[in-house]
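These notes are about the structure you will find just below.
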Ligand SMILES: [Ca+2]
Ligand SMILES: [Ca+2]
Ligand SMILES: [Ca+2]
Ligand SMILES: [Ca+2]
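Chains as they are written, first to last, in the UniProt record's numbering: chain A, 1 to 376; chain B, 1 to 376; chain C, 1 to 376; chain D, 1 to 376.
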């Protein structure tokens, strides 16, 4: 038996792995941080023998409620990820699985590797619709990528989309892949029409360092980027610093920040009702956006979500709030589940990479519906 | 130089083809009918030499206005079909093209072959969601295929979709391919939700004989199937006879009949305002269906289309009218252009196979929006 | 229940098909000919019920021994073709099969459709290495295709390959597909080297009319093309007439004519030992060709095959003999089995499309080995 | 402008990168070692501007002659890698390139990433022919993978293949991918036949740590694994230790160790003429192996290569020699070029990933030719 996490976005510490019935594991903390919840490892076990893997520090992770009703993901081929029996007793997360092949991967959610990220960027770059902009280096020396889609022009609306500030929320980059696939499809009518009057600015991965390191929530030095939008610094949060600077140069008419939520088994939008500038215009646009999405997909709903901020009480260090206020624009945090969409559950796979990508494509329909009204 | 149409859905008569500057062609009539407009042939020419192909009986074809502002399609690889310079002087359609390779295909619209049709049926059949039903033989001895999608159940709504009554309207089967691709995608939320409460009955090709024969509008014996829905017969219109019989067995809550229109450069829906049973319920559903489609894609519009029938004046031999009246249900004829969508023109490709397929997928969003209200 | 063969290369007559336990079928004769053996049809049956299909004229077909130890092919998706239980009692061929899906295709061997043929030609044409030449029309008005691969040059050797004179031997075109795939692969070393010093002239399908018609052995008017090479005529055998004329223009240094053999469960080469010009040079080349193939693949063998012609006793109406004599060149008829390679049997699939294609690629290794010696 | 190598197998130090005409770079040494030559980095530059990148420590790299007549590889999409203008003056390697897109990757040879490695292993594992064996951990905590292909049985010959002891020789793993693709193809005759009488033991990557780290020649602690086969240790060379232990358990009848050679523009085999046990049997087998390869591909040759060891003078710390002596078996080091095959040059791509893979497939033909004689 052998367990390793020494690969892209790997995260596990092996406490004990001699006996298949008694494997003890712990999730590593994000570097310079107390956050942890993301795991990703490979097990070499005995085919046909049940392996009981106990993650004994699950109860003190960032979101202990995230383990309730949660099932871990497993894969043999690293492409099809299925749910496996998982229990949580308040302290320990126990995954019990009988492998059918010699090695099997486990993860908190379907990983989106840095290799795939680079392939995505280079693929997009090749489109004549895209300009690939280097924003600046991360603290680990990686490159922050911005994709500018459509011919920039002052008269056009600027639509910004960022994803994966929290690197363990890998569904956010699957979402972007689905959205880009549609946006760059030159036979998709809505995409073509959108690009006549809008320019998209997409940052597929706000936190490459955290992604490669197998972090849940922070960058290379333990910063939660989604609390840095009031005053980002090159020392602690260069990722936000560069993006905000680029936003200042282009302006923003609509902003979507793509996330995953550990607890709620639903897709939902968190709006900016609490920012000082929020007004009826914002509210009407937000409503139209949500109504369109509601009309076309059961993957979206408005019943469950975060509590709505009271007027003026928004946390302005959070990306969507900060951007909404700074540019007086419609902005949302979009949250997808780690678990499943309880309105349309899938026992075998739960919420998945493909469903995330489909939602990314479908969200363009909502963007299409509001785009002409964004500056009204 | 050589021109042949001896292949699936081929249609051309060569009058003269010795001189590249003076090629005369004529379109063959549908068997036992005067309709003609569909053409599909292959040219072996001189690479680098302009070939002027004159279809001299274009002016007397079924829809002479169809040739105005029309550009013919060409392909080297039979996958990418692009538009080539085409002129119509009221009598003759002239295609002038300089081939870059030794052989090149030309067609009225992107062909959808009978081989591909069979592949589509067999592919769909493999889904655990699908039952493949043989409806009966055509007059040429081909098999009429019905795909039943979803677990039949009396409480569920029955949604019927038929395509290509007029075999030359090949975009109708591309549309079906796009719709089926989405409907059988087990990670598409709207499709999964739809199949919980609805059963789809899809006939991807109502007229296989006409399709293989290279007809525009009729079946093997020259019958225009879309005028047979009042009293179909096994002698003249078995295709309609079998489908209507199957509809009687299942009932119908929504019916879409997919077509192409030779003249109008738009996608549009023709409703059943003229059928006796048409009422406010129908109208409200029709409105909701159109509004959803309008909201999500610029490929649809409601400004241009057929004149709306006056109350009680519908032609009840036409499929959508006949079915709407017989089952008191929402029904539409959906029309796609042979030319382009003038609201979102594409100079290189015009209206295409992929755009037809995308519309087929998008229409499911409109079905999703109205499905719960169909029996209200 | 319904059985139809009304599609590309379909062939069956239904005598009786009411009762799954007692289905009687007959194979249709080639047009204007007594040959028959190829069958290809689709059954709509009852899932889970055994269907006993008796082909009652099998005993008088062209090669009754071909039915011994033979298993018919079946497919649900028209891509994967597997063997099904088949018996022959000297008179009747009985296929007994319990379908797992509503419709299933049966065939004598994996069909190679005319649509696929056209795709193959157009795909090859796009290569900068290929010139696509129209040779002349068939009697049904189809086009005879010649692919010239490599830059023609007098100093280069001319290698001719023809396939499917006998249209029911569809493995011959799968072989060509494999060979072309390798020959046009610009990173395959042997292919690149071969094209420096040789030009290939490939006719992927010598008999398109017979192929579409579902014939075993003859063209549209019942001519066995492989007995026409002494004096082909435009009336009876234009296919051979055009190819021989083209050969006269280019010369021939090596000729391979690709076939299937109904009886022998082996791949083998039939040489031209009986042609007047046959000499030691021919023999040495033939030996080297065979030795190379023997060395690299167990799919080839030299133990079983046709009896070798005595000196001077070759039938000079047969393609390989005629061409060998006319051009004083190495020539072979290459035969593949309908059944299996008994030296390497595969119970599930028998001899297959992919194995035919692999042999087509492997034969290039043998060509590579002899190419430099062809004019010695 | 920005240059980064912070990704899988990245290697470059940026000395100066402000001015496109004067970019200075240096290759990093392998950890705890003086070896260096592998580079792999990404440039964000100005589209349309020539970038002159000078690697100023090239002259003191492990194989300065490797830079002569060498052209660096570049890629936009990380799939197609093409050669770019490169000069070497004895000290500095200068790559001058005008990017057509915003970011472009450069590498010493086509990279084979650790993600792809993991995909390869998991893909192979799924075959019913394969057992995936964990051999032991590397010093960085990665897993050493062994693929056992075919049903083990004492009577069968054991064929061992290892690749990429030197991690910068990435062509070695492309070679393995091609070989495995063929070996696991259940319709490839030679592969099927081979697996009836032989078992393959394949280690696709002997040095995963060095590969990820962007090393040229050594593992995580600077050990040249191909000098460790006399006495491997868990401290310095666990990779060799585990493989040799596994070889001792199975025995070895044929061993191929796959490498790249920095200097020679040819593919060649280095035999074990200098090992004490070398005898006529070895020599005859070696000859047959080479003759088969020579006969079928111009990518192999025997004119250029390493000097042959004199009897008894072999370096027994080298894998092929050590294994040949220990198991009295045929063994080769197979070398592929970083540059090109000068016998069949390709100006645009040089020696490539696909050509490496094809050679891996072709080598199986040589194995097939000798396999039955290995124990004679
Ligand atoms: Ca989050
Ligand atoms: Ca119509
Ligand atoms: Ca034959
Ligand atoms: Ca080496």
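Yeah, the Cβ is synthetic: ideal placement off N, Cα and C, and Gly gets one too. Predicted, not measured: the structure shown is a model, and the values here were computed from it.
Next item on the list: Name, please, each residue of chain B whose Cβ falls closer than 7 Å to the Cβ of residue 75/A.
Entry: None at all; the shortest Cβ gap to chain B is about 16 Å.
Checklist line | Contact between the stretch 13 to 25 of chain C and the stretch 212 to 223 of chain A (3+ Cβ pairs under 8 Å) | finding: no
Next item on the list: Take the Cβ of residue 375/A as the centre, count every other Cβ of all protein chains shown within 10 Å, and call the residue buried at 16 or more, exposed below.
Entry: Exposure of residue 375/A is indicated by the presence of fewer than 16 other C-beta atoms within 10 angstroms of its C-beta.
Check: Using 8 Å as the limit for Cβ to Cβ distance, is residue 45/B near chain A?
Finding: Not an interface residue.
Next item on the list: Name the two residues that bound the continuous beta strand (DSSP E) containing residue 75/A.
Entry: In this chain, the beta strand (DSSP E) harbouring residue 75/A covers 72 to 75.
Next item on the list: Using a cut-off of 7 Å between C-beta atoms, extract the partners of residue 193/B located in chain A.
Entry: 298 and 344
Notebook entry, point to check: Within the 8 Å Cβ cut-off, does residue 188/C reach chain D?
Noted result: yes
Next item on the list: Could you name the residues of chain C that residue 371/D contacts, counting a contact when the two beta carbons are closer than 7 Å?
Entry: Residues of chain C passing the Cβ test: none, with the nearest at roughly 11 Å.
Notebook entry, point to check: In chain order, what residues of the same chain have a beta carbon less than 7 Å from the beta carbon of residue 232/B, not counting five sequence neighbours either side?
Noted result: Excluding residues within five positions, the ones whose Cβ falls inside 7 Å are 240, 241 and 244.
Checklist line | Inter-residue Cα distance where the pair is residue 201/B and residue 2/B | finding: 43 Å
Item checked: CB contact check: residue 29/A to chain B, cutoff 8 Å -> no
Notebook entry, point to check: If we ignore side chains and look at the alpha-carbon of each, how far apart do residue 133/C and residue 363/A end up?
Noted result: Cα atoms of residue 133/C and residue 363/A: separation of roughly 50 Å, rounded to the nearest angstrom.
Next item on the list: Going by CA-CA distance only, name the one from 91/A, 27/A and 198/A that's closest to residue 41/A.
Entry: 27/A
Notebook entry, point to check: When you compare only the Cα positions, how much space is there between residue 361/A and residue 182/B?
Noted result: 13 Å
Next item on the list: Provide the residue span of the beta strand (DSSP E) that contains residue 42/C, from first to last.
Entry: Start and end: 40 to 44.
Notebook entry, point to check: What runs of the beta strand (DSSP E), each 3 residues or longer, lie entirely inside the stretch 194 to 239 of chain A?
Noted result: 198 to 203
Notebook entry, point to check: What three-state label does DSSP hand residue 241/C in the structure shown?
Noted result: helix
Notebook entry, point to check: How should residue 372/A be labelled, buried or exposed, when 16 other C-beta atoms within 10 angstroms of its C-beta is the threshold for buried?
Noted result: exposed
Check: Along the stretch 203 to 220 of chain D, what residues have a CB closer than 7 Å to any CB found in chain A?
Finding: none
Note to self: Helix, strand or coil for residue 117/B? Go by DSSP, reduced to three states.
What the structure shows: helix
Notebook entry, point to check: Can a CB atom of chain D be found closer than 8 Å to the CB of residue 198/C?
Noted result: It does not: the Cβ of residue 198/C has no partner Cβ on chain D nearer than 8 Å.
Note to self: Since residue 56/C and residue 100/C should fall inside the 8 Å C-beta cutoff, what is the C-beta to C-beta distance between them, to a whole number of angstroms?
What the structure shows: With 8 Å as the limit, residue 56/C and residue 100/C do not qualify as a contact, their Cβ atoms being about 26 Å apart.
Note to self: Is there a C-beta anywhere in chain B that falls below 8 Å from the one on residue 80/A?
What the structure shows: No, because no Cβ of chain B sits closer than 8 Å to the Cβ of residue 80/A.
Note to self: DSSP three-state label for residue 47/A, please.
What the structure shows: Coil at residue 47/A, not helix or strand.
Next item on the list: Check whether the stretch 317 to 327 of chain C touches the stretch 133 to 153 of chain C, taking contact to mean three or more Cβ pairs, one atom from each stretch, closer than 8 Å.
Entry: no
Next item on the list: Mind checking which residues open and close the beta strand (DSSP E) that includes residue 144/A?
Entry: 143 to 149
Note to self: Counting only beta-carbon separations shorter than 8 Å, does residue 358/C have a partner in chain F?
What the structure shows: Absence of chain F from the displayed structure is noted, the protein chains being A, B, C and D.
Margin query: Assuming residue 313/C is part of the beta strand (DSSP E), what are its boundary residues?
Written below: Element bounds for residue 313/C: n/a, residue is neither H nor E.
Item checked: Coarse secondary structure for residue 14/C, derived from DSSP in three states -> strand
Item checked: Euclidean distance between Cα positions of residue 321/A and residue 84/B -> Here the alpha carbons of residue 84/B and residue 321/A stand approximately 51 Å from one another.
Check: Between the stretch 136 to 159 of chain A and chain B, which residues of the former have a C-beta closer than 8 Å to a C-beta of the latter?
Finding: none
Item checked: Contacts of residue 381/C in chain B (Cβ-Cβ under 7 Å) -> Since the first and last residues shown for chain C are 1 and 376, residue 381/C lies out of range.
Margin query: Do residue 74/B and residue 45/B count as a contact pair if the criterion is CB distance below 8 Å?
Written below: no
Notebook entry, point to check: Can you pull the DSSP bridge partners for residue 160/C?
Noted result: 201/C and 255/C
Checklist line | Partner residues on chain D for residue 355/C, Cβ-Cβ distance less than 9 Å | finding: 187, 188 and 189
Checklist line | Expected contact under 8 Å - CB spacing of residue 265/C and residue 340/C to nearest Å | finding: 5 Å
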